[in-house]
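Q: Once you've had a glance at the structure underneath, I'll fire off some questions.
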Amino acid sequence: MKLDLKKYELLIAAKCLSDKDVSELCGVGRSTLTQIKKGNRNPMPQTLGKIAKVLEVDVTELIEN
Numbered sequence: 091m092k093l094d095l096k097k098y099e100l101l102i103a104a105k106c107l108s109d110k111d112v113s114e115l116c117g118v119g120r121s122t123l124t125q126i127k128k129g130n131r132n133p134m135p136q137t138l139g140k141i142a143k144v145l146e147v148d149v150t151e152l153i154e155n
């Protein structure tokens, strides 16, 4: 699974959140989030679930097709 970066960026912009905000709200380290965004690390399903919950979307909306 890979994070759909375009969708993620649109969703955080729509909620007026920063990566720091998302990191703090979902309990995922900023370095982890950065590695996921850069494609250096695939997110664990639990991590995607936490991010989706913060952004109030279904986890499938964050997965790259």
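Going by the working numbering, the sequence shown opens with residue 91, and the numbers climb by one from there. Glycine residues also receive a C-beta, built at the ideal position from the N, C-alpha and C atoms. All of these numbers come straight from a predicted model, not from anything done at the bench.
Take the Cβ of THR137 as the centre, count every other Cβ of all protein chains shown within 10 Å, and call the residue buried at 16 or more, exposed below.
A: Numbered from 1 along the sequence shown, position 47 holds the residue referred to as residue 137. With 16 or more other Cβ atoms within 10 Å, it is buried.
Q: Taking the alpha-carbon positions, what's the ASP111 to VAL149 distance?
A: Your numbering for residue 111 matches position 21 in the sequence shown. Your numbering for residue 149 matches position 59 in the sequence shown. Spanning the two alpha carbons is a distance of roughly 18 Å.
Q: To which residues of the same chain is ALA142 closer than 8 Å at the C-beta, ignoring the five residues directly before and after it?
A: The residue you call residue 142 lines up with position 52 of the sequence shown. Excluding sequence neighbours, ALA142 sits near ASP148, VAL149, GLU151, LEU152.
Q: Throw me the rounded Cβ distance for the VAL144 and CYS116 pair, which I believe falls under 8 Å.
A: Translated into the one-based positions of the sequence shown, residue 144 becomes position 54. Translated into the one-based positions of the sequence shown, residue 116 becomes position 26. About 5 Å separates the two Cβ atoms, so the contact holds.
Q: Which of the three DSSP states, helix, strand or coil, is assigned to LEU47?
A: Nothing can be reported for residue 47: it is not among the residues displayed for the chain, which extend from 91 to 155.
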